[in-house]
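Residue 60 is where the sequence shown starts when you use this note's numbering, and the numbers rise one by one after that.
Glycine included, each C-beta is placed from N, C-alpha and C at the ideal position.
The structure appears right after this line, and notes come after that.
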Amino acid sequence: AGPACRDFGCLTYRWTHHVGLPTCRERYSKSSLQPGLPSDCGSGCWDLKQNYCRNPDADSRPWCYTTDPSVRWEYCNLKRCDDHVQVTLPKPPQTTLEPNPECINGNGKDYRGTVAKTGRGRTCQEWSSQRPHSHDYFTPITHPGAGLDKNYCRNPDGDVNGPWCYTTDPRKAWEYCDIPKCPPAQYECGKSKFRPKLCAQRIVAGCISHPHSWPWQISLRTNFGLHFCGGTLIDPQWVLTAAHCLEKSSRPSAYKVYLGLHKERASEASVQKRDVEKLFKEPHRTDIALLKLSSPAIINNHVIPVCLPKENAVLGGREECYVTGWGDTRGTGGDGFLKETGFPVIENKICNRPEFLNGRVKNHELCAGNIHGGTDSCQGDSGGPLVCLDQDKFVQHGVTSWGLGCAQPMKPGVYVRVSNYIPWIKSIMENN
C-alpha cells in the first residue's frame, strides 16, 4: 500500500487505494477505456492495474469504473498530498568540480567534448569512416573506450601534443585540434564530501568504509589491472606511495592508478584510470615514492587530494589517526571493499622498546596501532595513507611501509613520516 493522498491532478498517482462510492471494479481493458483516452497507448502507459484508482485522462483527480451497474464511473476519495506531512528528500552533496567538456587536462586523453575541427580549420573525418582517409587502427572497434564518437577530436594514443583527428581534406591525413587547457583545479584538500565512519579498529579487523569517504585513496595496479598496493592523491596529477611497491619494475608503463573507487573490482561509474608518466623513489632509499599521472585526475565528489603536513611536523603520542586500504583481512570479512580503521600514534621511544619493535623504528618513521592487536594495515595496504584529522581536514602523516605480521599484539605498524620529506616532494613536483 501507499499513502492515501494525491498530488494535484494526480496524473502520476500509482498507489493501491480503490476508495470510491461504490467500490471500483477491475477494469482497464482497451474496450473499457473512457472515450477520449489515447487508445494507442493502452493500459501500460497509465499503470492501470487491478481496480486501483488512477487518472489516465488528466482529470481533476483519480477515478475508476465502479461495480455498481447504475454508476459507470466515479471520482475516488483521496486527500491532497499537501494536506499531509511533506517529505523532503535529502539534497545530494554539491560537486566540488565537474569536468569542462571543452578544455583538456594534461594531454587530453580523457577529452570527451564536441570540437570537430582541427587547429587549422579543417573538418574532422568520422572515426568510423574510411573516406577520404583509410585507417584500420583508431576506430570505435579497435579503441572502444577512447570515446571515438562521430568526428570529434580525440587522443586515443595519448599523444603528448593533445587531441587530433583525421581530416576530410584528401590532401591532409590528420591534424591536431586546438582545444584550450583547463584551468587549475580549485579544491579544498583533505575534505571529503561523504562523512567517514571513523571506525576505531585496524584494517585486518576494521570496518568497511562509507563509499567514497576517503576520496584521496588510490589503487596502484599492474598494467593489466591487478591491485597490489595503495597510495594517496596529493595533487590532481601526483600520487604518494611506498617505494617498495615499485620494486617489480622501474618502467612507469608497468603501473596504472585507479581513483574514485570503493570496490576493489572498480566497477563503479566514478572510477578514473590513469597511466603513470613518471616515477620517483626517494634518493636515500627511504620507503616513499611519487608517481606522476599521465593526465590530472578530475576533481569531484569521489576524487579529492589529501592535505600534506607542515615540514618536520611531529605527531604527539596517542593521537588518533586512520588507515585505509583493500589489503588482506585474514578472514575477518569485508574483502573487496575499501576498509578503514583508527588507532593511536605511538611515540618512537615506546615503539622501540624490546617488547615492541626492539629498536627497528628509524627517526624518519613513525608507528601506530593498538597495543593489544586486532586491527592493523596488512599486505595490499602498503603505500596507502595514515591520515589524522586536523580541525576539519585530513592530513597525511604516514605512508604505510612495514610491520611484523598483521595486527599482532605489541607489534604496531610502521609508516614513513611524510613531514620529513616535504622539501623532496615539493622539489619533485615543481621540477617535473
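Among 137, 109, 386, which residue has its Cα nearest to the Cα of residue 126? Of the residues 137, 109, 386, the one whose Cα lies closest to the Cα of residue 126 is 109.
When you compare each of 381, 447, 424, 253 to residue 344 by their alpha carbons, which one comes out closest? When C-alpha distances from residue 344 are compared across 381, 447, 424, 253, the shortest belongs to 424.
Residue 483, DSSP secondary structure in three states: Secondary structure of residue 483 (DSSP, three-state): helix.
CA-to-CA distance, residue 398 to residue 224, given in whole angstroms: Taking the straight line joining both Cα atoms gives about 43 Å.
When the Cα of residue 378 is compared with those of 291, 312, 428, which residue comes out closest? Taking only the C-alpha atoms, the option nearest residue 378 is 428.
What's the call for residue 5, buried or exposed, on a 16-neighbour Cβ count within 10 Å? Beyond the ends of the chain as shown, which are 60 and 491, falls residue 5; an answer cannot be given.
Could you check what DSSP says for residue 90 in three-state terms: helix, strand or coil? With a pLDDT of only 36 at residue 90, under the threshold of 50, the placement of this residue in the model should not be trusted, and no figure is reported.
Rounding to the nearest angstrom, what Cα-Cα distance links residue 470 and residue 414 in this structure? Between residue 470 and residue 414, the alpha-carbon positions lie close to 9 Å from each other.
Coil, strand or helix - residue 489 by DSSP: Of the three classes helix, strand and coil, the one that applies to residue 489 here is helix, per DSSP.
Cβ pair residue 365, residue 249 closer than 8 Å: Result yes, Cβ atoms of residue 365 and residue 249 sit closer than 8 Å.
Buried or exposed: which applies to residue 489, given that a residue is buried once 16 or more other Cβ atoms fall within 10 Å of its Cβ? Taking all protein chains shown into account, residue 489 has fewer than 16 neighbouring C-beta atoms within 10 Å of its C-beta and is therefore exposed.
Do you know whose CA, among 354, 251, 164, 236, lies nearest residue 451's CA? Closest by alpha carbon: 251.
Selection from 347, 135, 406, 330 that minimises the alpha carbon distance to residue 274: Out of 347, 135, 406, 330, 330 has the C-alpha closest to the C-alpha of residue 274.
Does DSSP put residue 478 in a helix, a strand or coil? Here residue 478 carries a helix assignment [DSSP, helix/strand/coil].
With distances taken Cα to Cα, identify the nearest neighbour of residue 176 among 283, 325, 228. A check of alpha carbon separations from residue 176 across 283, 325, 228 identifies 228 as the nearest.
If you follow the alpha helix (DSSP H) that residue 408 is part of, which residue opens it and which one closes it? Per DSSP, the unbroken alpha helix (DSSP H) holding residue 408 starts and ends at 407–410.
In whole angstroms, what separates the C-alpha of residue 362 from that of residue 303? If you take the alpha carbons of residue 362 and residue 303, they lie about 25 Å apart.
With DSSP as the reference, label residue 303 as helix, strand or coil. Note: residue 303 maps to helix in three-state DSSP.
What is the rounded straight-line gap between the Cα of residue 442 and the Cα of residue 404? For residue 442 and residue 404, the distance between alpha carbons rounds to 18 Å.
Look up residue 285 in the DSSP assignment and say whether it is helix, strand or coil. Coil, per DSSP.
Do residue 320 and residue 327 have their CB atoms nearer than 8 Å? Their beta carbons are under 8 Å apart, which means residue 320 touches residue 327 by this criterion.
So if DSSP puts residue 294 in a beta bridge, which residue, or which two residues, is it bridged to? Answer is 297, bridged to residue 294.
Confirm, please, whether the CB-CB distance from residue 214 to residue 221 is below 8 Å. For residue 221 and residue 214, yes; Cβs fall inside 8 Å.
So is residue 283 buried or exposed if we call it buried at 16+ other beta carbons inside 10 Å? Label assigned to residue 283: exposed.
Inter-residue spacing [alpha-carbon to alpha-carbon] between residue 374 and residue 486: One C-alpha to the other measures close to 24 Å.
In angstroms with no decimal places, state the Cα-to-Cα distance between residue 226 and residue 459. Using only the alpha carbons, I get a separation of about 50 Å.
Short check: CB of residue 457 to CB of residue 445, under 8 Å? Closer than 8 Å, so yes.
The beta strand (DSSP E) spanning residue 175 covers which residue range? In this chain, residue 175 is not harboured by any beta strand (DSSP E), its DSSP state being neither H nor E.
Bridge partner(s) assigned by DSSP for residue 338: DSSP, once it has assigned bridges, lists 350 as partnering residue 338.
Let me know if residue 285 comes out buried or exposed under the rule of 16 or more other beta-carbons within 10 Å of its beta-carbon. Taking a 10 Å sphere around the C-beta of residue 285, we find fewer than 16 other C-beta atoms and assign the residue as exposed.
Alpha carbon to alpha carbon, how far is residue 477 from residue 408? Give it in angstroms, no decimals. Just so you know, the alpha carbons of residue 408 and residue 477 end up roughly 19 Å apart.
By the three-class DSSP mapping on this structure, what secondary structure does residue 278 have? Residue 278 sits in a strand when the DSSP states are folded into three classes.
C-alpha distance - residue 265 paired with residue 380, whole-angstrom precision: Straight-line measurement puts the Cα of residue 380 at about 13 Å from the Cα of residue 265.
Residue 460, DSSP secondary structure in three states: The answer is strand: DSSP assigns residue 460 an E or B state.
Simplified DSSP state of residue 232, which is helix, strand or coil: Coil.
Just the C-alpha distance for residue 340 and residue 350, rounded to the nearest angstrom, thanks. So the two alpha carbons sit approximately 9 Å from each other.
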